[in-house]
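Everything in the sequence shown is counted per this note's numbering, starting at 174 for the first residue and increasing by one. Cβ coordinates follow ideal geometry from the N, Cα and C atoms, glycine included. What follows is a single structure, written as structure tokens, with notes after it.
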Amino acid sequence: VVAFILIGVAVYGRASALVTNLPIIGGILACGVILILISILGLIGAVKHHQYMLILFLLFLIQFSIACACLAVNTKQQEQLAEQGWKHANELIDKVQETFNCCGFNGTESTYTNNSDPLIESCKAKICCPYLTEADCECPSCMQKLQSTIDYAFKLCGSIGLFFSFTE
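Spelled out as structure tokens, the structure:
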């Protein structure tokens, strides 16, 4: 069903000239055709009761879904995921700040666990944060330093996932 919807959208986009970028239309058409072929393979496996084919088909679907999700994550979603991880990784925050020479997730205010707690030790020791206030801190935030690394990791995981899902 999804494959036919993709093909229909691509044909409509091409016919109505709403989308002028032809590689996008070709990519949508290719995804639709690939999904049809994969679903036919799954149906053949189900009809012939080949358990091995069904398991491989399910494995492909899982890998393909996760890979597409990794490739579809935008910068805002990456930042939200990183912030959640930052909040739950208290024992690693010092090490990250020392390794990447940064202070706080989005500046010094995010290094406080609550308003009464002192600033984390690795920010206290930094020369760029002598007065321990956000206005006086010249250290970049860790999100600024990690953004390209996080983006690269998502793209790499998605690409590797797609590669292995299609080579099975």
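Between the alpha carbons of residue i and residue j, how many angstroms are there, rounded?
i, j, result
"Q317", "S332", "24 Å"
"T286", "L234", "With a pLDDT of 45 at T286, under the threshold of 50, the modelled position of this residue cannot be trusted; read the value that follows with caution. In a straight line, the C-alpha of T286 is about 40 Å away from that of L234."
"S236", "F278", "For clarity, residue 236 is Gln in the given sequence; the question names Ser instead. Each residue's alpha carbon lies about 31 Å from the other."
"S321", "F339", "27 Å"
"I207", "Q270", "44 Å"
"Q251", "Y225", "36 Å"
"V220", "I209", "16 Å"
"I266", "L254", "15 Å"
"T284", "I211", "Only weak support is given to the placement of T284: the predicted model assigns it a pLDDT of 46, under 50, and the question is left unresolved by the model."
"G205", "H261", "40 Å"
"C275", "E264", "16 Å"
"I213", "F230", "10 Å"
"F273", "A242", "27 Å"
"K268", "H222", "53 Å"
"C312", "G334", "36 Å"
"K328", "S238", "14 Å"
Let's test the definition: count the other Cβ atoms within 10 Å of the Cβ of residue i and tell me whether it reaches 16, buried, or not, exposed.
i, result
"D290", "Low confidence applies to D290: its pLDDT is 40, below 50, so where it sits in the model is not reliable, and the reading given next is rough at best. D290 should be labelled exposed."
"Q257", "exposed"
"A240", "buried"
"F336", "exposed"
"I217", "exposed"
"I228", "exposed"
"S314", "buried"
Compute the minimum distance between the beta carbon of residue i and the heavy atoms of the ligand GDP, and state whether it is under 7 Å.
i, result
"L244", "You won't find the ligand GDP in this model; it holds no ligand whatsoever."
First and last residue of the alpha helix (DSSP H) that includes residue i?
i, result
"G334", "315-340"
"N274", "Looking at the DSSP string, N274 is not in any alpha helix (DSSP H), and its letter there is neither H nor E."
"C241", "224-245"
"A262", "Premise fails: A262 is in no alpha helix (DSSP H) and is neither H nor E."
Could you work out which residue in the options is closest to residue i when comparing CA atoms only?
i, options, result
"V246", "C315, I211, A203, C330", "C330"
"A326", "L244, V206, A219, S314", "L244"
"L319", "E264, N263, G334, W259", "W259"
"K249", "G334, K328, D324", "D324"
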